[in-house]
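Enquirer: Read top to bottom, the protein sequences are chains A, B, C and D. Everything in the first sequence is counted per my numbering, starting at 139 for the first residue and increasing by one. Everything in the second sequence is counted per my numbering, starting at 139 for the first residue and increasing by one. Everything in the third sequence is counted per my numbering, starting at 776 for the first residue and increasing by one. Everything in the fourth sequence is counted per my numbering, starting at 776 for the first residue and increasing by one. We put the beta carbon where it would ideally sit given N, CA and C, even for glycine.
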Amino acid sequence: MAEAQAQPRKLPYVAAITDGVREILKEQDNAFVIGEDVAGAGSVYGYYKGLLEEFGPERIYDTPISEEGIMGLGVGAAATGCRPIVDLMFMDFIAECMDEIANQLAKMRYMFGGHARLPVTVLTMAGAGASLAAQHSQSLESWLCHLPGLKVVMPTTPYDAKGLIIAAARDDNPVFVVLNKVSLAMTGEVPEGAYEIPLGKANVVRTGSNYTIVASGRMLHEALKAAEKLKELDVDAEVIDPRTLQPFDIDTVADSVRKTHRVMIVHEAVRTGGIGAEIAAQIQEQAFDYLDAPVVRVGAPFSPVPFSPALESLYVPNADRIVAEAKQQLGL
Amino acid sequence: MAEAQAQPRKLPYVAAITDGVREILKEQDNAFVIGEDVAGAGSVYGYYKGLLEEFGPERIYDTPISEEGIMGLGVGAAATGCRPIVDLMFMDFIAECMDEIANQLAKMRYMFGGHARLPVTVLTMAGAGASLAAQHSQSLESWLCHLPGLKVVMPTTPYDAKGLIIAAARDDNPVFVVLNKVSLAMTGEVPEGAYEIPLGKANVVRTGSNYTIVASGRMLHEALKAAEKLKELDVDAEVIDPRTLQPFDIDTVADSVRKTHRVMIVHEAVRTGGIGAEIAAQIQEQAFDYLDAPVVRVGAPFSPVPFSPALESLYVPNADRIVAEAKQQLGL
Amino acid sequence: MTAQITNETLLDLHRRMVRIRIFEETAGKLMEDGKIPGALHLYVGQEAVACGVMVHLNNEDWITSTHRGHGHLIAKGGEFDRMFAELYGRATGYCKGKGGSMHICAMELGMLGANGIVGGGPPIAVGAAFSNRFRKTDRVACTFFGDGASNEGAFHEAANMAGLYKLPVVFVCENNGYGEYTAQANHQAIVDVADRAAGYGMPGVVVDGMDAVAVYEAAGQAIDRARRGEGPTLLECKTYRFYDHVGVRGMGLTYRTDDEVAYWKGRDPIVMLEQRLSDQGILSKAEAKAVHEEVTNAVQAGVKFADESPMPTPDALLEDVYA
Amino acid sequence: MTAQITNETLLDLHRRMVRIRIFEETAGKLMEDGKIPGALHLYVGQEAVACGVMVHLNNEDWITSTHRGHGHLIAKGGEFDRMFAELYGRATGYCKGKGGSMHICAMELGMLGANGIVGGGPPIAVGAAFSNRFRKTDRVACTFFGDGASNEGAFHEAANMAGLYKLPVVFVCENNGYGEYTAQANHQAIVDVADRAAGYGMPGVVVDGMDAVAVYEAAGQAIDRARRGEGPTLLECKTYRFYDHVGVRGMGLTYRTDDEVAYWKGRDPIVMLEQRLSDQGILSKAEAKAVHEEVTNAVQAGVKFADESPMPTPDALLEDVYA
Ligand SMILES: Cc1ncc(C[n+]2csc(CCOP(=O)(O)OP(=O)(O)O)c2C)c(N)n1
Ligand SMILES: Cc1ncc(C[n+]2csc(CCOP(=O)(O)OP(=O)(O)O)c2C)c(N)n1
Ligand SMILES: [Mg+2]
Ligand SMILES: [Mg+2]
């Protein structure tokens, strides 16, 4: 938690990922990176670039195209004393290895009566907006949040990407770090050295008095844009980035709602069955008497992700849609 | 929809499944059953017993232990003119073939611009309570409900099992029929001949005036027991079986809530991220002004399913827990 | 049995290969010009494989393709206009613009789609082959997949089921030596993917994937075998992609030596076929040139069609989710 | 190199096999008496496989097991009391009663758990082998799996990675001829699962799984090879389960002929080993009988321990989900 002694510096999200992984490889002798095209190519998005040269082939491994095998290797290596950083190129591919994730990784410790530790960190790339169509654009975090034994984080900024990766890799449990491909080029302040962003703690990115927006992943930035537009309508929105989806920091969100009385949840995933449903349910459980309007959820419509930019631009939520939904909710 | 001309007859849930599949095999020349130990053994739960003898080896096929291959075979056969009935022995195994389910089956029609039909019916066995531990007891329907392109039903009675299987197999979309292993021995009226239970329509099993319980799968029966106990507390509970989880019949539920002003959702799945979250979110979206108390959700706690009967009995929701939660919600 | 290849078939082979080559070269340029969004995996260099297999099939024979699927669709009879329209995301595309390069399909041609999931094709092809037999047709299914895909569990399960049920399916492995940027030697401990066939009770055949006639002959035998109900074959075609994994220059990684690339470009399947055709007096260099010009014009017309095609309308977003 | 088997090792093998046999016979009865809830997959008949492999391993060598895992745990040093307690769902069990038969484990013995997922073991064992090398130990991993499991994609991916990385892991296929109620001929088009080894660049060996000494020798060579860093081996042991797939009489299906069952019971691995030991004057019938009695007493003590053990308390429900 050495946030203090680190001095400012600007980096793109993609380099912040590298930086976080680098800190872990320096800090933990038992940590290694494994995945498809992570070593020689530095990942298809380049966020491991330089690590092979810096740490050598004993710390970063290319694999066959075998997601079940890769995740299973992570499970077995973790249970026997290593701290694997497993790379799943696209989040859509959790479907390839869902047995290893759901039936082995998430449950082994419990099934074994606590006699196993699974310090596996999984880095995976989610999100639409890159014209990659239905099998390379999904946000499936709600599947993971339904699995006891897993933790799930979603970094929204370069600062968070590094800090959450470090926290995830230091945690003794399986943690999924859900990255966003459209955010890779976004730059922001990233301190040198190791620092942690605590798991399970939400981040109030913008304080406001009469409206709350809970926005995860890339949607945080759309929510912040929307908050500016809402100002003109005398809506002073508090914008909260959950940072960790599992365990979810309902207290921070409920406190905000008790103050603002109206809340919207925004995520990129399909709205139906997305984590917004769980958050909405928890909000009305915790702050029912403070709600002046129904909890509103903004997410993707009920269809696969379309390829055509003309359709994908309608598919992914954005600031305008957030504003429109807020106006409706607030009767403006 | 020939519910009328059928005459009453009592059958166990397990035989009602057989009966529904039999009607489809008689009715649809392009239908066949495929799965692990479905032909020679008639499934490990016996619900295909007799079909091999009755329809011959061209209509029912044993497979290797290859869930991805089996589901993929179903996708390819359906896209090319067959109507496969795919058996997944335990619902936990959807994790084995989640790519085929999520990335192929659910999306193919959309990705192909509507140029494919996927009339696949998947029968799979969910539910805890049989001391089968963490990998053979899950209820994972919320994963499926998050996937546009799929339909999901959960039969609660022998009558529903047969009628929903027939409706599912007649539908031109992929439909998951989520069965319950503990309900297999339960008997009930099952008419001869083919009849359909319409997809997407909830069933008000018990009418009530001042409380609503939405209970899916085996929990319906616990909810009905609870409703009787609640009578003594002057709580007149309406009990609704969604029957279909995707598409979900929110209208029937919201209408009930507008009448009763208080609602509880009960399912066997882990509470966090379960379909109860989506239902709760939709209820407060649709009937916010009618709610006199927060929507309450009853589900499994946040842990894998424990083996020990001493723990599993605490894990699975039951009538007593429903009553206790209702009393708390109603301040009784 | 596969008869001796006819001149007509040789010319057909040649034309299909040229159609793929010019379509892909053009698509690559259009992508670099920013006209085509998303990811584009070019088939240039591998034309002999798709065409050598596809000339044996008709529209009732099914194929499954890969992320590198344009060549398979063209060889199966795909039309340039609807293909470019799809790559452009236009409403007139094969998938109404909803699929794009990685999901382009043509059910009416028996083309069950490109697939963004490596290893996604084989299980689906096994289902199509199962369906062919179930519906009492004599049609076959061919599934194209790469050396990298042969390490996916889905391939294993599909191959085992095909061998078990003796299904009319041919597993066509396009071994271009790499899975993305990882050389075969770094993703499996074997040289011939065909060595896996024995484990599924099916024959494994290795053929020069740059020699269209060799592919034609080997594929013909495998397909005839399948049609006769004698079961599946694993046909491995040794080939090479001339451009990078994705796009033309890709990420500019140096995972392939210039010598290696030069060696394989020296074995250009189209150049080799044209040499053979002119040597045998079947197609002169001038006639070959005419084919290229003709195809170039057709490609340009396809681009024009795509350019002039409308984008999908907003209501298309929620259509085609359910039947 | 594996030395000629010593008398001491032979007696060790015998005792481990008897321990499995009597434990399983007892567990089967207890299940039929309703003392053990859930599903029980008995290892009776396959004892030679677990023991022939395990006598080569110590507690730092890892194994992954299957749904049929009691034999593997006992051979690896598992104690009756904590095992019965686990099958009973008691707090004193190996998994505090949370895992039961299908998830019983003993990390301190290098036993990475039974697994309710067919094919669940191999990828985890590959991870353990990877870990052994990464942590610079000379320990190996052995993964037990059935003929049915060899059709799971997880096996394929794990085997390919083991061959690629030359990992110190031995794939021990217990081919008992059936996956549940489906005969091998109805789930794969091969007779020897070992035929799949070539596709992963590893040797495939077939051994008589009813002959403990044969398994001991073949396993010794594979394990030594792995320890020397020469990579994995696929060791197929032809064996048979004497009882039904689940429980003793199971579902009462007639998928195996009486003759077949009789033939294999005539090759009882314990009877065969005891004959050999008495022929060689290493262990007389009387001494063997004494071993059985000794083990029987230990088993009864284990049952008593389980009977007298407490059930987990309610607070255990939410413990051990996270570290
Ligand atoms: C399940 C899955 N894993 C990983 C990827 C990312 N990916 C796309 S193409 C590719 C390489 C495929 O190699 P190969 O099968 O040899 O086909 P080639 O690209 O060489 O034609 C990879 C890893 C994917 N699309 N799907
Ligand atoms: C992924 C998965 N699919 C199916 C099952 C159901 N099942 C349990 S044991 C078994 C048979 C396994 O056969 P084999 O691998 O030969 O082991 P054996 O039972 O013969 O020891 C099956 C199909 C399962 N537990 N897991
Ligand atoms: Mg390749
Ligand atoms: Mg077996």
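How about residue 904 of chain C and residue 860 of chain C: do their beta carbons lie closer than 8 Å?
Expert: No. Outside cutoff.
Enquirer: How far does the alpha helix (DSSP H) with residue 897 of chain C in it reach, from first residue to last?
Expert: Note, residue 897 of chain C: alpha helix (DSSP H), 896 to 909.
Enquirer: Give the DSSP-derived three-state secondary structure of residue 328 of chain B in the structure shown.
Expert: DSSP places residue 328 of chain B in coil when its eight states are reduced to three.
Enquirer: Under the three-state reduction of DSSP, which class applies to residue 297 of chain A: helix, strand or coil?
Expert: Correct three-state label for residue 297 of chain A: helix.
Enquirer: What is the rounded straight-line gap between the Cα of residue 845 of chain C and the Cα of residue 889 of chain C?
Expert: When rounded, the distance between both Cα atoms is 8 Å.
Enquirer: Taking any Cβ of chain C, which residues in the region 157 to 190 of chain B have a Cβ under 8 Å from it, in chain order?
Expert: Here the close residues are 168, 170.
Enquirer: Within the continuous beta strand (DSSP E) that includes residue 384 of chain B, where are the two ends?
Expert: From DSSP, the beta strand (DSSP E) with residue 384 of chain B extends over 382 to 384.
Enquirer: Quick check on residue 971 of chain C - is its C-beta less than 8 Å from some C-beta in chain D?
Expert: Taking Cβ atoms only, chain D reaches closer than 8 Å to residue 971 of chain C, which makes this a yes.
Enquirer: Would you check if the distance between the CB atom of residue 213 of chain A and the CB atom of residue 238 of chain A is smaller than 8 Å?
Expert: In this structure, residue 238 of chain A lies closer than 8 Å to residue 213 of chain A by Cβ.
Enquirer: Nearest-angstrom Cα distance between residue 243 of chain B and residue 384 of chain B?
Expert: Each residue's Cα considered, the two are about 15 Å apart.
Enquirer: In whole angstroms, what separates the C-alpha of residue 363 of chain A from that of residue 222 of chain A?
Expert: In a straight line, the C-alpha of residue 363 of chain A is about 37 Å away from that of residue 222 of chain A.
Enquirer: Against chain D, does residue 422 of chain B count as a neighbour if the rule is that its beta carbon must be under 8 Å from one of theirs?
Expert: Cβ-Cβ to chain D under 8 Å: no for residue 422 of chain B.
Enquirer: When you compare each of A/153, A/291, A/277 to residue 386 of chain A by their alpha carbons, which one comes out closest?
Expert: For residue 386 of chain A, the nearest C-alpha among the options comes from A/291.
Enquirer: Given a cut-off of 8 Å, decide if residue 380 of chain A and residue 939 of chain D are closer than it, judged by their beta-carbon atoms.
Expert: No, Cβ-Cβ distance for residue 939 of chain D and residue 380 of chain A is not below 8 Å.
Enquirer: Note down, one range per segment and in chain order, each beta strand (DSSP E) of at least 3 residues found wholly within the region 978 to 1007 of chain C.
Expert: The qualifying runs are 979 to 983.
Enquirer: Can we count residue 924 of chain C as close to ligand 1, meaning its CB is less than 7 Å from some heavy atom?
Expert: The answer is yes for residue 924 of chain C.
Enquirer: Taking 7 Å as the cut-off, is the CB of residue 951 of chain C close to at least one heavy atom of ligand 3?
Expert: Within the cutoff, so yes.
Enquirer: Can you tell me whether residue 921 of chain D sits near ligand 4, meaning its C-beta is under 7 Å from at least one heavy atom of the ligand?
Expert: Yes, since a heavy atom of ligand 4 falls inside the 7 Å radius drawn around the Cβ of residue 921 of chain D.
Enquirer: When the Cα of residue 206 of chain B is compared with those of C/934, C/1010, C/1071, which residue comes out closest?
Expert: Among C/934, C/1010, C/1071, the Cα nearest to that of residue 206 of chain B belongs to C/934.
Enquirer: Looking at the secondary structure, which residues open and close the beta strand (DSSP E) in which residue 437 of chain B lies?
Expert: Element bounds for residue 437 of chain B: 434 to 438.
Enquirer: Is the distance from the Cβ of residue 837 of chain D to the Cβ of residue 929 of chain D below 8 Å?
Expert: In this structure, residue 929 of chain D does not lie closer than 8 Å to residue 837 of chain D by Cβ.
Enquirer: Hey, quick one: how far does the alpha helix (DSSP H) through residue 947 of chain C stretch, first residue to last?
Expert: Counting along the chain, residue 947 of chain C falls outside any alpha helix (DSSP H), though it belongs to the beta strand (DSSP E) covering 944 to 950.
Enquirer: Do you know how far the Cα of residue 999 of chain C is from the Cα of residue 943 of chain C?
Expert: Distance between the alpha carbons of residue 943 of chain C and residue 999 of chain C: 9 Å.
Enquirer: Quick one: is the Cβ of residue 954 of chain D within less than 7 Å of any heavy atom of ligand 4?
Expert: Result yes, Cβ under 7 Å from ligand 4.
Enquirer: Which first and last residues belong to the alpha helix (DSSP H) in which residue 855 of chain C is found?
Expert: Note, residue 855 of chain C: alpha helix (DSSP H), 855 to 862.
Enquirer: Considering just the uninterrupted stretch of the beta strand (DSSP E) at residue 351 of chain B, what are its terminal residues?
Expert: Unbroken beta strand (DSSP E) run through residue 351 of chain B: 349 to 353.
Enquirer: Name, in chain order, the residues that DSSP records as bridge partners for residue 375 of chain A.
Expert: Answer is A/349.
Enquirer: At the 8 Å Cβ level, is residue 337 of chain A part of the contact set with chain D, yes or no?
Expert: Closer than 8 Å: no.
Enquirer: Compute the Euclidean distance between the alpha carbons of residue 879 of chain D and residue 339 of chain A, then round it to the nearest angstrom.
Expert: Rounded to the nearest angstrom, the two C-alpha atoms are 35 Å apart.
Enquirer: For residue 140 of chain B, which residues of its own chain have a beta-carbon under 6 Å away from its beta-carbon, when the five flanking residues on both sides are left out?
Expert: Reliability fails at residue 140 of chain B, whose pLDDT of 47 lies under 50, so the model's placement of it is uncertain and no value is given.
Enquirer: Consult DSSP for residue 1049 of chain C and reduce its assignment to one of helix, strand or coil.
Expert: Helix at residue 1049 of chain C.
Enquirer: For residue 1044 of chain C, does the count of other Cβ atoms within 10 angstroms reach 16, so buried, or fall short, so exposed?
Expert: Buried: at least 16 other Cβ atoms inside 10 Å.
Enquirer: Between residue 955 of chain D and chain B, is there a C-beta pair that is closer than 8 Å?
Expert: Chain B, which has a Cβ nearer than 8 Å to the Cβ of residue 955 of chain D, makes this yes.
Enquirer: Shorter than 7 Å, the distance from the beta carbon of residue 445 of chain B to the closest heavy atom of ligand 2, or not?
Expert: No - ligand 2 has no heavy atom lying nearer than 7 Å to the Cβ of residue 445 of chain B.
Enquirer: Between the C-alpha atoms of residue 374 of chain A and residue 449 of chain B, what's the straight-line distance to the nearest angstrom?
Expert: Looking at the two C-alpha atoms, the distance is approximately 48 Å.
Enquirer: Spell out whether any CB of chain A is found under 8 Å from the CB atom of residue 432 of chain B.
Expert: Yes, because at least one Cβ of chain A sits closer than 8 Å to the Cβ of residue 432 of chain B.
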